[in-house]
Amino acid sequence: MKGSTADGFLVGASLDAADRRFLALFGDALARIPPGTFPVTTVSSVRLQSRGAKEGLAGLTHWIYNDGSLHKGRQTISFYSELLDHLSDPGYLGVIVHELAHAWLNEHLAPEESPRRESEADELARTWGFEGELQALESETEPV
Numbered sequence: 085m086k087g088s089t090a091d092g093f094l095v096g097a098s099l100d101a102a103d104r105r106f107l108a109l110f111g112d113a114l115a116r117i118p119p120g121t122f123p124v125t126t127v128s129s130v131r132l133q134s135r136g137a138k139e140g141l142a143g144l145t146h147w148i149y150n151d152g153s154l155h156k157g158r159q160t161i162s163f164y165s166e167l168l169d170h171l172s173d174p175g176y177l178g179v180i181v182h183e184l185a186h187a188w189l190n191e192h193l194a195p196e197e198s199p200r201r202e203s204e205a206d207e208l209a210r211t212w213g214f215e216g217e218l219q220a221l222e223s224e225t226e227p228v
């Protein structure tokens with residue numbers, strides 16, 4: 085399915101995925117982000133692919149700078165079914181919300197304000213109410 089994530093959190097991002105499980109869990113993640121959370125407007129696309137460039141990678145949020153200056157570019161969020169397909173629904177949802185938190189942090193905090201991006205993405209996802217999903221993800225995977 086190619087379309088748009090026409091919701092209040094990812095403004096204007098295109099969605100490129102056909103997998104029903106991914107679409108259902110992605111929709112669940114977006115619906116559970118607390119109302120009033122500042123939106124992310126720099127994500128141009130969210131896509132589900134079979135595999136990433138690095139073995140064991142489940143998701144990646146990538147910032148592409150337009151002119152080399154901070155926050156003048158677009159983000160792409162990629163998810164990789166090769167690992168996601170082996171996770172429970174809560175673990176899978178943990179990956180999704182972790183990457184959404186990365187996108188939010190990338191847009192709303194400069195890199196020098198956030199030196200610990202991985203742990204801060206998890207901390208943000210916990211404040212959004214995804215503690216159980218992150219625990220499931222941690223119990224089902226090994227850190228990369």
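Residue 85 is where the sequence shown starts when you use this note's numbering, and the numbers rise one by one after that.
Glycine included, every Cβ here is placed at the ideal spot set by N, Cα and C.
When the Cα atoms are used, what is the spatial distance from LYS86 to SER134? As a working mapping, residue 86 is identified with position 2 in the sequence shown. As a working mapping, residue 134 is identified with position 50 in the sequence shown. Low confidence applies here, because LYS86 scores a pLDDT of 47, under 50, leaving its location unreliable; read the following figure in that light. Cα to Cα, LYS86 sits roughly 16 Å from SER134.
With 16 other CB atoms within 10 Å as the buried threshold, where does ALA137 fall? The residue given as residue 137 occupies position 53 in the sequence shown. Classification for ALA137: exposed.
I think SER128 touches ALA101, with their Cβ atoms under 8 Å apart; what is that distance to the nearest whole Å? Counting from one through the sequence shown, the residue named residue 128 turns up at place 44. Counting from one through the sequence shown, the residue named residue 101 turns up at place 17. Contact doesn't hold; Cβ gap of about 15 Å is too wide.
Look at TYR176 and LEU109 and say whether their C-beta atoms are less than 9 Å apart. By 1-based counting over the sequence shown, the position of residue 176 is 92. By 1-based counting over the sequence shown, the position of residue 109 is 25. Between TYR176 and LEU109, the CB-CB gap stays under 9 Å.
Among HIS186, GLU224 and VAL181, which has the Cα closest to the Cα of ILE117? Working through the sequence shown from its first residue, we reach residue 117 at position 33. Checking every option, the nearest Cα to that of ILE117 belongs to VAL181.
Compute the Euclidean distance between the alpha carbons of ARG200 and GLU183, then round it to the nearest angstrom. Numbered from its first residue, the sequence shown carries residue 200 at position 116. Numbered from its first residue, the sequence shown carries residue 183 at position 99. A direct Cα-Cα distance of roughly 14 Å separates ARG200 from GLU183.
Quick one: Cα of ARG131 to Cα of GLY213, how far? One-based indexing of the sequence shown puts residue 131 at position 47. One-based indexing of the sequence shown puts residue 213 at position 129. If I take the Cα positions, the gap works out to 24 Å.
Nearest-angstrom beta carbon gap, ALA187 and LEU167 [assumed within contact, 8 Å]: Within the sequence shown, residue 167 is the residue found at index 83, counting from 1. Within the sequence shown, residue 187 is the residue found at index 103, counting from 1. Rounded, the Cβ-Cβ distance is 19 Å, inconsistent with contact.
Cβ atoms of GLU217 and PRO174: under 9 Å apart, would you say? What you label residue 174 is simply residue 90 of the sequence shown in a count that begins at 1. What you label residue 217 is simply residue 133 of the sequence shown in a count that begins at 1. In this structure, PRO174 sits near GLU217, with a CB-CB distance shorter than 9 Å.
Under the three-state reduction of DSSP, which class applies to LEU141: helix, strand or coil? For the purposes of this step, residue 141 is taken as residue 57 along the sequence shown, with counting starting at 1. Reduced to three states, the DSSP call for LEU141 is coil.
Tell me which residues share the same chain as HIS192 and place their Cβ nearer than 7 Å to its Cβ, disregarding the 5 neighbours each side in the sequence. Here residue 192 corresponds to residue number 108 of the sequence shown, with the count starting at 1. Apart from sequence neighbours up to five positions away, the residues of its chain that approach HIS192 with a beta-carbon distance below 7 Å are PHE122, ordered along the chain.
Does DSSP put TRP212 in a helix, a strand or coil? Position 128 of the sequence shown, counted from the start, is the residue given in the question as residue 212. TRP212 carries a coil assignment under DSSP once its states are collapsed to helix, strand and coil.
Starting from LEU171, trace the beta strand (DSSP E) in both directions and tell me its first and last residue. The count along the sequence shown starts at 1 and reaches residue 171 at position 87. Looking at the DSSP string, LEU171 is not in any beta strand (DSSP E), and its letter there is neither H nor E.
Could you give the DSSP three-state label for PHE110: helix, strand or coil? In the sequence shown, the residue the question calls residue 110 occupies position 26. Helix at PHE110.
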